[in-house]
Every structure is written in structure tokens, then in C-alpha cells.
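Encoded as C-alpha cells, the structure appears first; notes follow it.
Residue numbers (this note's numbering), protein chains in the order written: chain X, 1012 to 1321; chain R, 3 to 440.
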């Protein structure tokens, strides 16, 4: 019986961790879906958003130094969202605008450069210290589950799962039911056709990078609350890659389901196979799992079917 | 003399002036550091680098350097990346005028790469409390110094602390002691010693590796929750420490049975966990806090003049003190080298001799403003580890400070000695090194 509870714990923890990965993967999907760009800077955007949020909240930040007060959480989060929108606009004006009609690999390379610039900017503006982020999200194990069922689940991760669910619903409504969402889908289907019917590519790119920035903020809040805001946060992008390979680069539900499969898969592997091979296998196991899926579905679980007409 | 000649002479004089001026005090003592102020490990790399640099600046400002010769500090950014660290070493090793007098790699991985290079370049490597443990054997590693203690000594000290809490070494029989470690050369260092002690004292040992950078450790802590080890040791670095402490608190693992290596015991590691980190333990070879006379001098001669590298409020944090004490021992070795060789224009070769004759006793610590900060260190040709003593410190979350809560344990030389002998002998055989007779 004890074993069963442990197995259940491993699976639930895997699912919860998977949701955390999916939050990062969602940002990649949004940009790829609308513009075909694989945004290498997504992890750094999550870091940058978390750094900016911390700055609004803390007395050792720029905001306090300039204005002499800090913002309450309910105001700091939209203010950070605004920063991410401004960042999206700046990226469009200074990088993307000059990359229209360029090959996808050039756009990808541009996002690598962007990652380094953003990381350096974050370092200069906010410093490299670990910043404890506390916006009131419950932390630690759920006492109720632990005391009544001897089941260990992190409250932060339950909160993250709820947030991810809300985010998916909001994004689904945004893409399916709003005019801008339909324009985004049109651009994703065919840039040239969308342009020919009057959809402004510049505007669409600003919008999609803004939405992706806000999703990065959500990911930054969750991961920053978990480990403190610090520069290793940018590396969580590496955790999102197998999720994307598995779920497909263009599917919002794919990012969620992919995250869940990767989360559970890597935890089961680490706990049950790890001890036989020396441990620390979860990182590469996630990629192996994703590669195995690639063999059967190159477009990922929910990705658009690849049809080549000859 | 026409105007053109007059102008030419004036220009020549102006150009020559700095040459003469610098000629009077041309010799400088070059001390490079391989720092990491960027990347995922920057939060820990920065305070170490700040402490080291501030101490050197203080010597320059207060004493005009070492015995009147200015110190030239050169830093190179490694990002805690071994490849970049080796590039940095190549870049700084011949910095004029003295060339590098000693190198602090600040990474076990980089140290391993530099060991063979340093011997060729005749530059002492000071891997203070990290790096290759068997480099403690000065007969095989004449250019490497890892005092005041090694990871293996620390492992034996932590097990002695555990034995003290459990009621003696006999009480360790049947206990479970687990190690959560950074899956790297650094994290793997203590395993051999812990395994040897498991055989000797009868405890059950298991290592649980965590991959770089350690942001996600759920699987590790679920296993700990299931298997309920009596004690958990941690050889972590960077975000791995913070996540581990939070995870341990989440599964309600008792913090006073969770002991980190001295690199897992800084303010950075415990602050993100808040009150949950209360009672967490770690190894230490120096005191925490910024109330020693040396700190006052750093404030006066460095920060009051606006020359400080970091934040004035963070003077005295654990990792700041770590960097500072490293600079102290390095500069004392240079001072010793000047004394031995009767010259102020020392080279790396001289400084190596200075390290081997280093004797920073209680009286000298008092003179340096470090009385009671750490223990006396005496290095010999054969023993590059020095005393190897380690204490345990505990985090008080309410007061937000570390407190030393144990005596300084002597290492179990009967455990570490044969391991050091075997490992250094293997290195000597592999690299055709003839051990020195000393």
C-alpha cells in the first residue's frame, strides 16, 4: 500500500512539474504559431519578467530608489505585463522589422542574439543576486493532504496547474473568438495571404510577442517563487524543448499534454530506472522520450500534419 | 631652438614622463582571479570575487600593497564554465610585470584542467577548500595548494558531527546517511570518503545526483521522503542549494539533520526558503559576520573611498568572507616568498615556496585583524592541505544569521590519508610524475 502511495506521489509530482514546463513551452508555441520563429529567448524573457516584477516589489530595486515606494502585488503584476508589452514593441522595432522575408534560421539566430542582449540587460539593470519572490502564492507541501492521506503535493504546483488551466482557456478564447486571434491564425497559416487581405504583420508581431511576454511573466512568477529569481531561470527553456518536440510547436493543448507526459515520464524514470544506472537521468530521459515520439509523429502529438505535395 | 623643435622636445618630455614615473615603481604583484559574475552561478560567484578583490584593494590603499609593492589584480570572467576558465588562465598567466603569482580557479572543474598546466608554467594554484582533494599530497602536486581543508576532510568532519549527535561512532551502525550532490566533478568528490567511512562505521550510504543547474529536484526528494534517511548531506552549488533546502522543508525533513558542504552554506542558499530554512546546517572553516577589525579596514580604506566591488551592507556574508580569507592567505604567501628569497620582485616560483613555508598563526591572525576568524594554518612541502579542520554552522532564520555550533573537527586522517596516497599515486603513475622527497 505504501508503495502505491509513493507511485501516486511520483505520478502526481510528475504531472505538476509537467505543468511548470508547459508554462514555459506555451510562450514558444505562441510565437512559433503566429510567426514561425523559434524564439530562443523565451527562457530569458521569463527571467527578465521575473526580475522586473521583483523590482517593483522590493525596496532594493530601481523603482523604490526612484519613487520612494514599492507597488502592491496586484499593481506590480500588470505593471510588469506592461513592461513586457513595451519590450515586445522594442523587439519588433529593432529586430523583427528588419527580418521580414528572411529565412527562418536567420530569425532563429536573431533570437539567440536577443537572448544574450536581454540577459545582459537584466544583469545590468537588476543585478545577479538571488531575489526571493513572494507574491503570496502558497508554498510547501499541502498540510491537509500530507496529514490526512500522507500524500505530498506542493501547493505552489497546484496553484501553477490552476493558473495554466486558466491560461489555456483564455488563450483558446483569444485565438478562436477574437478578431486579433483570427488575424494571428491567418498570419500563422500564410504570411503573404494575410498581408494581401490587410493584416498588418508589424502589429501582429507586437501582439504575439506581447502575449508571449505575458505568458513568460506567468512562468517567471511560478519558477521564481519556487527557487528565487536568479539567472539559472533562463535555463528552464531547456526543459521546454522536449515538451515542444513531443507536443508539437504549434499546439497550445500540445504544450500542456506534452508537458504532462514529459513530467511524469522523467520522474518515473529517475525514481525507478535512475538507481540502476547511477541516477540523474531525468534531463536526458526527457529528450529521449521526445525523440522516440519523433520517430512516429515528426510533427509532435498535436502539431499540424506535414503534407508535402509533389 | 625654433618653435617646431621646442614643441617636439616638449612632446617628447611629456611622453617620457610616465615612463620615468612608472619606472620608479614598475614592479607590481599580479594576482589574477577567474571569477564568475555572470551566468547561473553568478549569485555565489559575485560575493566570493568581491571579498577577494576588496581585500587586495584594502592592502593597496592601506599599506601600499605588500611590503610597499602594489598588487595588480586581474580578473577574467569564466561563467563557471571549465572551457572558458582554461581560456582565462591562458589569457592572464603572463600578465606583466610579474606574471601570475598565484591562480584561484574558483571551480573544481577548472582546477582539474589547470593542474598539469600550472606545473609547466610554474604558477601556484590555490584551490582553497575545493578542487582535487589528493592535491593535498605536496610530494606529487608541488604546484597545487588546497588548504585549509579538503572535501574529504570535510566529509569526515561532518560524519564526526553526526556521530556526536547520535551518541558516538557505534551509534552510526545501521543509520542511513544520504548525499545529494551536484552531478559534476565537484559534487562527486566526497563520495569515495563517505563510502570508505560507511564501511568503517557501518552506516548505509547512498548518493543521489542532481543535474546542472538543479532547478528541478522533485524526484530526488521523493526518494528521500520514501526512504527516510537519518541524515542528508549536500554537495550543491547555486540554485541547486536553494531548491534543495525548499524541497527538504516541503517534505518536512528535519533541517537540523540536513548538512551542506561549505559551498552550500551561504545567505544566498537559505534566504529564498525563508523561515523554512531555520536550523539548516553546513560546514565552515571560518566565521560568518562582518564585525572583525579587517572588515572595518575594508570599509574605511575601500568603501569609504568608493573603491568597493560590491554592496557595503553585504560585507561579512559567508561567501564574501570566503573570498576575503582566500586573498589573505595568498598575500601572506607572497609576503613569505619575499622574506625567503630576499626580494620584492617575486615570481610564481618564489610564491610557491612562500605557500610551502606559510605559517599564519594566532598572533599573525590578530595582526591581520582576523583573530578568532579562522584557525592557524601551517603548510609544508608534503602537506598542502594544512590542518583540515571543519566546524558546523547553523542558520538562524529569525536573526538571519549563521552561527558556528560545533567545535572545529580534526579530519579522520586514518580514513583520508590512504585515499589521498592512493589517488595521488595513481595520478603520479598516469602522468609520469616522480614524487618529491620531503
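Heads up, the beta-carbon is just placed ideally off N, CA and C, and yes, glycines get one too.
- Partners in chain R for residue 1163(X), counting only beta-carbon separations shorter than 7 Å: Numbered from its first residue, the first chain carries residue 1163(X) at position 152. Ordered by position in chain R, the residues that pass the 7 Å Cβ test against residue 1163(X) are 227 and 253.
- the region 198-216 of chain R: positions lying closer than 9 Å to chain X by Cβ: Result list: 208, 209, 210, 211, 212, 213, 214, 215 and 216.
- Since residue 252(R) is in the alpha helix (DSSP H), which residue starts that stretch and which ends it? What you label residue 252(R) is simply residue 250 of the second chain in a count that begins at 1. Run containing residue 252(R): 241-252, per the alpha helix (DSSP H) assignment.
- Query: Exposed or buried, what is residue 105(R) when buried is set at 16 or more other beta-carbons lying within 10 Å of its beta-carbon?
  - Reply: Residue numbering aside, residue 105(R) sits at position 103 when the second chain is read from its first letter. By the 10 Å Cβ count, residue 105(R) comes out buried.
- Neighbour flag for residue 220(R) against chain X, beta carbons, 7 Å: Translated into the one-based positions of the second chain, residue 220(R) becomes position 218. Under the Cβ criterion of 7 Å, residue 220(R) is counted among the residues facing chain X.
- Task: At 8 Å on the CB atoms, spell out the chain R contacts of residue 1143(X), in chain order.
- Result: Locating residue 1143(X) in the first chain gives position 132, where the first residue counts as 1. For a Cβ distance threshold of 8 Å, residue set 273, 274 and 276 of chain R lies close to residue 1143(X), ordered along the chain.
- Determine the contact status of residue 183(R) and residue 237(R), defining contact as a CB-CB distance below 7 Å. Within the second chain, the letter at position 181 stands for residue 183(R). Within the second chain, the letter at position 235 stands for residue 237(R). Using a Cβ distance threshold of 7 Å, residue 183(R) and residue 237(R) count as a contacting pair.
- Message: Cβ closer than 7 Å: which chain R residues qualify as neighbours of residue 1329(X)?
- Response: Only positions 1012 to 1321 of chain X appear in the structure, and residue 1329(X) is not among them; the question remains open.
- Message: Between the region 1112-1132 of chain X and the region 1211-1227 of chain X, can you find at least three pairs of beta-carbon atoms closer than 8 Å?
- Response: No: fewer than three Cβ pairs fall under 8 Å.
- DSSP state of residue 90(R) mapped onto helix, strand, coil: Here residue 90(R) refers to the residue found at position 88 of the second chain. Reduced to three states, the DSSP call for residue 90(R) is helix.
- Query: Quick one: which chain R residues come within Cβ less than 7 Å of residue 1291(X)?
  - Reply: Along the first chain, read from residue 1 onward, the residue named residue 1291(X) stands at position 280. Within chain R, the residues whose beta carbon sits less than 7 Å from that of residue 1291(X) are 185, 211, 212 and 213, listed in sequence order.
- Could you have a look at residue 286(R) and say whether DSSP puts it in helix, strand or coil? Along the second chain, one-based indexing puts residue 286(R) at 284. Reduced to three states, the DSSP call for residue 286(R) is strand.
- Task: Could you tell me how far apart the beta carbons of residue 116(R) and residue 91(R) are, in whole angstroms, since I believe they sit closer than 8 Å?
- Result: Within the second chain, the letter at position 114 stands for residue 116(R). Within the second chain, the letter at position 89 stands for residue 91(R). The Cβ separation is near 6 Å, so the contact holds.
- Message: Could you check whether the region 1044-1064 of chain X touches the region 1219-1231 of chain X, counting it as contact only if at least three pairs of C-beta atoms, one from each stretch, sit closer than 8 Å?
- Response: At 8 Å Cβ cutoff, the stretches touch.
- Task: Run the CB neighbour count on residue 392(R), radius 10 Å, all protein chains shown included, and call it buried at 16 or more, exposed below.
- Result: Indexing the second chain from 1 puts residue 392(R) at position 390. Around the beta carbon of residue 392(R), 16 or more other beta carbons lie within 10 angstroms, which makes this residue buried.
- Message: Please list, in chain order, the residues of the region 1261-1275 of chain X that have any C-beta partner in chain R closer than 7 Å.
- Response: So nothing in the stretch comes that close.
- Tell me where the alpha helix (DSSP H) around residue 54(R) begins and ends. Here residue 54(R) is taken as the residue at index 52 of the second chain, counted from 1. Secondary structure note for residue 54(R): its alpha helix (DSSP H) is the uninterrupted segment 44-65.
- residue 227(R) versus residue 1164(X) - alpha carbon distance: Within the second chain, numbered from 1, the residue matching residue 227(R) stands at position 225. Within the first chain, numbered from 1, the residue matching residue 1164(X) stands at position 153. Here the alpha carbon of residue 227(R) sits roughly 12 Å from the alpha carbon of residue 1164(X).
- Interface residues of chain R around residue 1028(X) at Cβ under 8 Å? Residue numbering aside, residue 1028(X) sits at position 17 when the first chain is read from its first letter. Here the neighbours are 218 and 220.
- Item | residue 1062(X) vs residue 1131(X) beta-carbon contact at 7 Å | To locate residue 1062(X), count along the first chain from 1; it is residue 51. To locate residue 1131(X), count along the first chain from 1; it is residue 120. Going by beta carbons, residue 1062(X) and residue 1131(X) fall outside the 7 Å limit.
- Item | Interfacial residues, the region 1246-1258 of chain X to chain R, with Cβ spacing under 9 Å | With the criterion set as a beta carbon lying under 9 Å from some beta carbon of chain R, the members of the region 1246-1258 of chain X are 1246, 1247 and 1250, in sequence order.
- Task: Run through the region 178-264 of chain R for me and flag every whole beta strand (DSSP E) of 3 or more residues, listed as ranges in chain order.
- Result: Qualifying beta strand (DSSP E) stretches, in chain order: 178-184, 206-212, 233-237 and 260-262.
- Query: Is the region 218-233 of chain R touching the region 167-180 of chain R in the sense that three or more CB pairs, one from each, lie closer than 8 Å?
  - Reply: Yes, they touch.
- May I ask you to report which of helix, strand or coil DSSP gives residue 479(R)? Since the displayed chain R opens at 3 and closes at 440, residue 479(R) lies outside it and no answer follows.
- Query: Quick one: what does DSSP say residue 38(R) is sitting in, helix, strand or coil?
  - Reply: For this step, residue 38(R) is matched to residue 36 along the second chain. Residue 38(R) carries a coil assignment under DSSP once its states are collapsed to helix, strand and coil.
- Query: If you compare alpha carbons, which of 345(R), 332(R) and 383(R) is closest to residue 362(R)?
  - Reply: Within the second chain, residue 362(R) is the residue found at index 360, counting from 1. The candidate whose alpha carbon is nearest that of residue 362(R) is 332(R).
- Message: Please classify residue 23(R) as buried or exposed, where buried requires at least 16 neighbouring CB atoms within 10 angstroms.
- Response: As a first step, residue 23(R) is located in the second chain; it is residue number 21 there, counting from the start. The predicted position of residue 23(R) is uncertain, since its pLDDT is 44 and thus under 50; no value can be drawn from it.
- Please confirm if residue 1024(X) has its CB atom under 7 Å from at least one CB of chain R. Residue mapping note: residue 1024(X) aligns to position 13 of the first chain, counting from 1. Residue 1024(X) has a beta carbon lying within less than 7 Å of a beta carbon in chain R.
- Query: If the cut is a Cβ gap below 7 Å, which residues of chain R does residue 1239(X) touch?
  - Reply: Within the first chain, the letter at position 228 stands for residue 1239(X). Those within 7 Å of residue 1239(X) in chain R are 244 and 274.
- Query: Going along the chain, which residues of its own chain have a beta-carbon closer than 8 Å to the beta-carbon of residue 1065(X), five neighbours each way excluded?
  - Reply: Working through the first chain from its first residue, we reach residue 1065(X) at position 54. Its chain contains 1072, 1137, 1142, 1144, 1235 and 1240 as the residues whose beta carbon lies nearer than 8 Å to that of residue 1065(X), once the 5 sequence neighbours on both sides are disregarded; these appear in chain order.
- When the Cα atoms are used, what is the spatial distance from residue 276(R) to residue 1212(X)? Here residue 276(R) is taken as the residue at index 274 of the second chain, counted from 1. Here residue 1212(X) is taken as the residue at index 201 of the first chain, counted from 1. Taking the Cα positions, residue 276(R) is about 47 Å away from residue 1212(X).
- For residue 1015(X), does the count of other Cβ atoms within 10 angstroms reach 16, so buried, or fall short, so exposed? Start at 1 with the first residue of the first chain, and residue 1015(X) comes out as number 4. Exposed, because fewer than 16 other Cβ atoms sit within 10 Å of the Cβ of residue 1015(X).
- Task: Have a look at residue 270(R) and residue 244(R) and give me their C-alpha separation to the nearest angstrom.
- Result: Here residue 270(R) refers to the residue found at position 268 when the second chain is read from its first residue. Here residue 244(R) refers to the residue found at position 242 when the second chain is read from its first residue. Their Cα atoms are separated by approximately 8 Å.
- Item | Within 7 Å of chain X by C-beta, residues of the region 321-333 of chain R in sequence order | Those residues of the region 321-333 of chain R that come within reach of chain X (Cβ to Cβ, closer than 7 Å) do not exist; the list is empty.
- Message: Please tell me whether residue 192(R) has its Cβ less than 7 Å away from any Cβ of chain X.
- Response: To locate residue 192(R), count along the second chain from 1; it is residue 190. Residue contact check for residue 192(R) against chain X: no CB pair falls below 7 Å.
- Message: So the candidates are 420(R), 367(R), 149(R) and 281(R); which of them puts its Cα closest to the Cα of residue 194(R)?
- Response: By one-based count along the second chain, residue 194(R) stands at place 192. Cα-wise, what sits closest to residue 194(R) is 420(R).
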